[in-house]
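Student: Just passing along the structure, written as structure tokens.
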Amino acid sequence: MLTTSVLSGRMQPLVLDLPEATDSQPASVGIDTSHATHIVATEYALLLGDQRVSLSAQIGRSIRLKFLGQRTCGNCQVSVDKLEGGGYCKNCFFSLARCDRCFVSPERCHFAQGTCREPQWGESFCMQPHVVYLANSSGPKVGITRQDRNFYRWLSQGAVQGMVIAYADTRRDAGLLEVAIKSKISDKTNWRRMVSMQPQNLDLLQLARQLQTSIELPAGTRWVDQMTSHDLAYPIQSHAPALRLAVNEVTPELLDNLQGIKGQYLLLSQGAFNVGAHVGMTIEVEFAPAIDAAKLNSSDQLDLFS
Ligand SMILES: [Zn+2]
């Protein structure tokens, strides 16, 4: 466990620990008679380079984030002025299969045509069993993920409910079913709603049954017979205002109180900080006792740490 109060390194997506997973659910989670399970994201960690900073224990304290001016590619480690999506340099972005258009739109998978950018990677990630799920992050949404990854996926999206509704042989098959469902249910999360409120509970089971009677299954997919609805909870003292907070060249430093964590967002008293949008940037992080709200709103807030 790291005890230093100031740490810096290349920012990576937030990680969270789940109980050891078996089949499709964590081992320590029981199923009650209503087929609902409750999963709590208890341990969140921030990765700065190879340092792991436990976040859950810092909720209720202040956090200072400072951009140190460097951006590094997550694949080739080269320093660049601008990073593409996922924290990769331009060269890697146009050569890695995980950055190809077909990864975001799996129905465009071209593995079968022999044109996958990295066939071996495609074999081990895309040509594997996937699931199609319904989740509730800011309202109902549909999504896909690799089998056994659904809990991580839901928690990293900030979903409060999730349910696997179909199995698919490959990512492409799952993508084809997702496209069919997208005509009825969005595949997007409204981040402003997600960070600022607990959404209304949805009857995912009823929604899934409606889909099952109205949608024709593509080849390589099948509905789940016994669907289980899962409730997901986050370490949150209070939600954040629906404002985007960031550090960059123009505003390199941010100081606020950490009120909670949901998905890839740090919920702060003045807005939400999307860790995912800062991946690849070298960031300095410092935790300290909570700051008085009146002091946070004053213009000389950064002097508190100088
Ligand atoms: Zn690179």
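Take the sequence shown: its position 46, counted from the start at 1, is 999 in our numbering, and no numbers get skipped.
The beta-carbon is built from N, C-alpha and C at its ideal position, and this holds for glycine as well.
(1) Pick helix, strand or coil for Asp1126, following the three-state DSSP scheme.
(2) Rounded to whole angstroms, what's the CA-CA distance from Glu1202 to Leu1021? Just pull it up for me.
(3) Would you grab the beta carbon distance between Leu1207 and Leu1220 for me? Rounded to a whole angstrom, and I think it's under 8 angstroms.
(4) Short of 8 angstroms in beta carbon distance, which residues of its chain neighbour Arg1070, apart from the five on each side in sequence? Order them along the chain.
(5) Identify, in the order they occur along the chain, each residue of the same chain with its Cβ nearer than 6 angstroms to the Cβ of Arg1005, setting aside the five sequence neighbours on each side.
(6) Taking Cβ positions, are Lys1019 and Val1228 nearer each other than 9 angstroms?
(7) Alpha carbon to alpha carbon, how far is Val1117 from Ile1134? Give it in angstroms, no decimals.
(8) Are the beta-carbon atoms belonging to Arg1106 and Gly1092 less than 9 angstroms from one another?
(9) First and last residue of the beta strand (DSSP E) that includes Glu1071?
(10) Determine the closest residue to Ile1097 out of Ser1139, Glu1076, Ala1065, with distance taken between C-alpha atoms.
(11) Look up Ala998 in the DSSP assignment and give the residues it is bridged to.
(12) Quick one: any contact between the segment 1070-1084 and the segment 1147-1167, if contact means 3 or more CB pairs under 8 angstroms?
(13) Sorted by chain position, which residues of the same chain lie with C-beta nearer than 6 angstroms to Cys1062's C-beta, five sequence neighbours on each side aside?
(14) When DSSP builds the beta bridges, which residues end up paired with Pro1093?
(15) Would you call Arg1024 buried or exposed, if buried means 16 or more other Cβ atoms sit within 10 Å of its Cβ?
(16) Apply the 10 Å Cβ neighbour rule to Leu1008 and answer buried if 16 or more other Cβ atoms are within range, or exposed otherwise.
(17) Can Val959 and Glu1131 be called in contact, C-beta distance under 9 angstroms?
(18) Can you tell me whether Lys1019 is helix, strand or coil according to DSSP?
(19) Could you check if Val1031 belongs to the surroundings of ligand 3, using beta carbon to heavy atom distance under 8 angstroms?
(20) Among Gly1213, Pro1188, Val1177, Cys1026, which residue has its Cα nearest to the Cα of Arg1162?
(21) Label Gln1151 either buried or exposed according to how many other C-beta atoms from any shown protein chain fall within 10 Å of its C-beta, with 16 as the threshold for buried.
(22) Should Cys1055 be counted as a contact of ligand 1 given a C-beta to heavy atom distance under 8 angstroms?
(23) I'd like the list of long-range same chain contacts for Gly1002, defined as Cβ closer than 6 angstroms, with 5 residues on each side in sequence excluded.
(24) Just reading off the beta strand (DSSP E) that Ala1119 is part of, what are its end residues?
(25) Could you check the C-alpha separation between Pro1059 and Lys1141 for me, to the nearest Å?
(26) Would you call the CB atoms of Lys1043 and Val1033 closer than 9 angstroms?
(27) Between Phe1226, Ile1189, Gly1013, Leu1185, which has its C-alpha nearest Gln1217's C-alpha?
(28) Could you give the distance in angstroms between the alpha-carbon of Glu1239 and the alpha-carbon of Leu1087?
(29) Might you give, ordered along the chain, the residues of its own chain that have their beta carbon closer than 8 angstroms to the beta carbon of Ala1243, omitting 5 neighbours on each side?
(30) Just the C-alpha distance for Leu1164 and Ser1222, rounded to the nearest angstrom, thanks.
Tutor: Taking the geometry as given:
(1) Position 173 of the sequence shown, counted from the start, is the residue given in the question as residue 1126. If DSSP states are grouped into helix, strand and coil, Asp1126 belongs with the helices.
(2) The residue labelled residue 1202 in the question sits at position 249 within the sequence shown. The residue labelled residue 1021 in the question sits at position 68 within the sequence shown. If I take the Cα positions, the gap works out to 9 angstroms.
(3) Taking the sequence shown and counting its residues from 1, the one referred to as residue 1207 is at position 254. Taking the sequence shown and counting its residues from 1, the one referred to as residue 1220 is at position 267. No, Leu1207 and Leu1220 are not in contact; Cβ-Cβ is about 13 angstroms, not under 8 angstroms.
(4) Reading the sequence shown from its first residue, position 117 is the one you call residue 1070. The residues are Ser1048, Leu1049, Ala1050, Asp1053.
(5) For the purposes of this step, residue 1005 is taken as the residue at position 52 of the sequence shown. So the qualifying residues of the chain are Ala998.
(6) Here residue 1019 is taken as the residue at index 66 of the sequence shown, counted from 1. Here residue 1228 is taken as the residue at index 275 of the sequence shown, counted from 1. Taking 9 angstroms as the Cβ cut-off, Lys1019 and Val1228 do not qualify as a contacting pair.
(7) On the sequence shown, position 181 is the one that residue 1134 refers to. On the sequence shown, position 164 is the one that residue 1117 refers to. Their backbone Cα atoms lie some 13 angstroms apart in a straight line.
(8) Within the sequence shown, the letter at position 153 stands for residue 1106. Within the sequence shown, the letter at position 139 stands for residue 1092. For Arg1106 and Gly1092, no; Cβs fall outside 9 angstroms.
(9) Taking the sequence shown and counting its residues from 1, one reaches residue 1071 at position 118. It is not in any beta strand (DSSP E) - Glu1071 carries neither H nor E in the DSSP assignment.
(10) Looking up residue 1097 in the sequence shown gives position 144. The residue with the shortest Cα to Cα distance from Ile1097 is Ser1139.
(11) Numbered from its first residue, the sequence shown carries residue 998 at position 45. DSSP links Ala998 through a beta bridge to Val968, Ser1007.
(12) Cβ pair count under 8 angstroms is below three, so no.
(13) As a first step, residue 1062 must be located in the sequence shown, where it is residue number 109. Result list for Cys1062: Cys1055, Arg1125, in chain order.
(14) By one-based count along the sequence shown, residue 1093 stands at place 140. BP columns for Pro1093 point to Asn1089.
(15) Translated into the one-based positions of the sequence shown, residue 1024 becomes position 71. Of the residues assessed, Arg1024 falls on the buried side of the cut-off, its CB having 16 or more other CB atoms within 10 angstroms.
(16) Numbered from its first residue, the sequence shown carries residue 1008 at position 55. The residue is buried, with at least 16 neighbouring Cβ atoms inside 10 Å.
(17) The count along the sequence shown starts at 1 and reaches residue 959 at position 6. The count along the sequence shown starts at 1 and reaches residue 1131 at position 178. Result no, Cβ atoms of Val959 and Glu1131 do not sit closer than 9 angstroms.
(18) On the sequence shown, residue 1019 is found 66 positions in, with the first residue counted as 1. Strand at Lys1019.
(19) Looking at this structure, you won't find ligand 3 anywhere; what it does contain is ligand 1.
(20) Here residue 1162 refers to the residue found at position 209 when the sequence shown is read from its first residue. The option with the nearest alpha carbon to Arg1162 is Val1177.
(21) As a working note, residue 1151 is residue 198 in the sequence shown. That one is exposed.
(22) Reading the sequence shown from its first residue, position 102 is the one you call residue 1055. Cys1055 Cβ: outside cutoff for every heavy atom of ligand 1.
(23) Numbered from its first residue, the sequence shown carries residue 1002 at position 49. Here the set comprises Gly962, Arg963.
(24) By one-based count along the sequence shown, residue 1119 stands at place 166. Ala1119 -> beta strand (DSSP E) spans 1114-1121.
(25) By one-based count along the sequence shown, residue 1059 stands at place 106. By one-based count along the sequence shown, residue 1141 stands at place 188. Each residue's alpha carbon lies about 15 angstroms from the other.
(26) Within the sequence shown, numbered from 1, the residue matching residue 1043 stands at position 90. Within the sequence shown, numbered from 1, the residue matching residue 1033 stands at position 80. A contact, by the Cβ cut-off of 9 angstroms.
(27) The count along the sequence shown starts at 1 and reaches residue 1217 at position 264. Nearest C-alpha to Gln1217: Phe1226.
(28) Reading the sequence shown from its first residue, position 286 is the one you call residue 1239. Reading the sequence shown from its first residue, position 134 is the one you call residue 1087. In a straight line, the C-alpha of Glu1239 is about 37 angstroms away from that of Leu1087.
(29) Here residue 1243 refers to the residue found at position 290 when the sequence shown is read from its first residue. In its chain, beyond the 5 residues on either side, Gly1013, Arg1014, Ser1015, Asn1210 have a beta carbon closer than 8 angstroms to the beta carbon of Ala1243.
(30) Locating residue 1164 in the sequence shown gives position 211, counting from the first residue. Locating residue 1222 in the sequence shown gives position 269, counting from the first residue. Spanning the two alpha carbons is a distance of roughly 39 angstroms.
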